[in-house]
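Contents: one structure, followed by commentary.
Numbering (the UniProt record's numbering), first residue to last: 1 to 721.
In structure tokens:
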């Protein structure tokens, strides 16, 4: 009868647990906020644990205890070790008999299967709930008419030399700004991209920052799950609309589709994915160790949103440079104001629509992200604005000086990423010589990616003697065969290898540097001058260039070119190669090609740079790594944990630990150190320092400090005091 009653009681408890689970599922399915989802998930897990683990375990332990007590009563008149062993043996046999009888019952197997099914459904539903609450939301935004196929592949929109007639004076084609307005143009063929853009003035900047600040108040309270959902939604859109985004980048910057895919899409989806997977870990509360004197304290660091941050980005990667700081800012809980270059502002109106569409699709304010297109004379008002709490700047050193001076007016911190003169050292060990084809292919991509307009592009190739001539023989025919043109009109079977440059204003400077290098002994193998394209007379093309016998003393070896120029330099040995690599004022990135582990490590550690890639180009742009340079290439880091935390207020909190609060332990100033200070205060203070830190040196010395501390505390005050 007892066993039957217990069995009914257990069945009643399990039925109650199943009923609670079944009733909790509709509640969870109806939850709208992530916090409700989390509560529901925790509730399901708790009920499942109670119903299927805790209650049966408690019943088993209770039965074991009852059996043991029963056997004790039966054997209390037969003391001895043998009787105790017999009692345990009989108890175990009776329990196993009960389990066997339960399993032999005709309802045992269906009951066990039902419980397993409920447990599996609970686990699956919990997993689904955690996934669904962050799932991407599909949305649409208007596609600019310039991205329609009939526009992209038509030549009717190319510039024929006619200029706007409604302006006070004519505007040259090479200048995107005329009479206070911006005229977006495609560098590949000179076509105008839409209507002129009216730059923002001071009042518009004030309104923009104010709107962002208001939206950020609520956004700062969102959970990481809500922020991940926005990023997943963005990721979904980027993957579904690669063609349109790539086309916008090609139109606005003149690059090829492959360059846009590598430099715009690939790196963006990688950053989205990394932030989704690892962003919360980077920004979660971290605990820090304490010391002996503060052993009753608990130290934590939290990362709070800054508020409204800004990003002033360059034109060489219109999409990635625009959206990359947005990803970090949003996940850190901030609102952001992005100022793109006026040379590629046309595409940013489409990009801002994408980001705002993702925010609206996830029921958040679209004012969190703002796009400010302004002229350089107005940019000072933006960068000195007191409503900004951080500025990320990507651009030239000349403009960086102005931005930092402007930000200093309101003491706004700035992360500066400038250009570089990145070296690539090619060692001459047998394995590297044997794989010279792979090395040459990687160097070609590093030099000519985006027509050389790449902040981490390879600007100097430093080769050791045994491989120098082989490398020259490999790259020369490759460079001569490069095809220039626009992806907008070229045949899919014959696409261009390299696109246009953003503007022709730098052509004279580059040509003069090449001529000066040749005059000092450099060898010009091909290129070295602007290229007049027969099909695109208004395009900005510079011929792919190869210069060898370049020395560090030449101006072209010290100046960032940002152009499709392959500079080949010769070094006598590894130490000489490192000296040449460090001979400029730039120190952004670098590459080392070699397979002699000792020489490779010597180069990687000896090169003064923020990042080094071994047997690769730009591999250090991995999102898990901090990105940035030293010396004349900037300061601060974005990317990785460091990049996310740079957009936060890193707040340190020191409080009483839980065990100290439970015991009533807290900070109390010893009487001899209270004001007015005792005559023995110095002895106490000195002994406290020794007690806290002498144990690191010697245990005996520490023990002596403890004795001196106790002695000083027990001393009485002088009568005269």
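The C-beta atom is built at its ideal place from N, Cα and C for all residues, glycine as well.
- DSSP links residue 286 through a beta bridge to 301.
- Under the Cβ criterion (8 Å, minimum of three pairs), the stretch 417-425 counts as touching the stretch 455-466.
- By the CB criterion at 9 Å, residue 432 and residue 467 fall inside the cutoff.
- As the crow flies, the alpha-carbon of residue 639 is around 23 Å from that of residue 372.
- DSSP places residue 349 in the uninterrupted alpha helix (DSSP H) bounded by 345-361.
- Under the three-state reduction of DSSP, residue 675 is assigned to coil, being neither helix nor strand.
- Remark: C-beta atoms of residue 647 and residue 309 approach each other more closely than 9 Å.
- Shown here, residue 606 sits in a helix according to DSSP, grouped into three states.
- Take the alpha-carbon of residue 665 and the one of residue 401: they are about 53 Å apart.
- Using a C-beta cut-off of 8 Å, the stretch 264-275 makes no contact with the stretch 287-300, since fewer than three inter-stretch Cβ pairs fall below that distance.
- Around the C-beta of residue 195, fewer than 16 other C-beta atoms lie within 10 Å, and the residue is accordingly described as exposed.
- Beyond the five residues adjoining it in sequence on each side, residue 692 comes within less than 6 Å, by CB distance, of 292, 293 in the same chain, given in chain order.
- Apart from the 5 residues on each side of it in sequence, residue 314 sits with its Cβ closer than 7 Å to the Cβ of 321, 341, 394, 395 in its chain, given in chain order.
- The DSSP assignment places 611-614, 648-656 as complete runs of the beta strand (DSSP E) inside the stretch 591-659, in order along the chain (cut-off: 3 residues).
- If you compare the alpha carbons of 595, 699, 459 with that of residue 614, the shortest gap goes to 595.
- Pairwise C-beta distances place the stretch 399-413 out of contact with the stretch 501-516, as fewer than three of them are shorter than 8 Å.
- If you look at residue 462, you'll find it in the beta strand (DSSP E) that goes 460-463.
- Beta-carbon to beta-carbon, residue 545 and residue 514 are separated by about 7 Å, close enough to satisfy the 8 Å threshold.
- The secondary-structure analysis by DSSP pairs residue 370 across a beta bridge with 337.
- Per DSSP, the beta-bridge partners of residue 498 are 484.
- Counting only the Cα atoms, residue 476 lies some 46 Å from residue 378.
- Between the beta-carbon of residue 566 and that of residue 498 there is about 12 Å, and that puts the pair past the 8 Å contact cut.
- Excluding sequence positions up to five before and after residue 406, its CB lies within less than 6 Å of the CB of 380, 383, 384, all in the same chain and listed in chain order.
- For the pair residue 556 and residue 568, the CB atoms are not nearer than the 9 Å cut-off.
- In the three-state DSSP reduction, residue 180 falls in the coil class, being neither helix nor strand.
- Contact check for residue 425 against residue 593 passes: the beta carbons are separated by less than 9 Å.
- Remark: C-beta atoms of residue 606 and residue 587 do not approach each other more closely than 9 Å.
- With a cutoff of 9 Å on beta-carbon distance, residue 233 and residue 338 are scored as not near each other.
- Around the beta carbon of residue 239, fewer than 16 other beta carbons lie within 10 angstroms, which makes this residue exposed.
- Excluding residues up to 5 positions away in sequence, 496, 498, 531, 533, 541 lie with their Cβ nearer than 7 Å to the Cβ of residue 484 in the same chain.
- Residue state for residue 564 is assigned as coil, using DSSP reduced to three classes.
- Shown here for residue 211: same chain residues with a beta carbon closer than 6 Å to its own, the five before and five after excluded, namely 367 in chain order.
- Nearest C-alpha to residue 526 among 538, 472, 578: 472.
- Within the same chain, and ignoring the five residues on either side of residue 260 in sequence, the residues whose Cβ sits closer than 7 Å to its Cβ are 246, 249, 250.
- The beta-carbon separation of residue 184 and residue 353, rounded to 16 Å, does not stay under the 8 Å limit for a contact.
- The Cβ atoms of residue 643 and residue 629 do not sit closer than 9 Å to each other.
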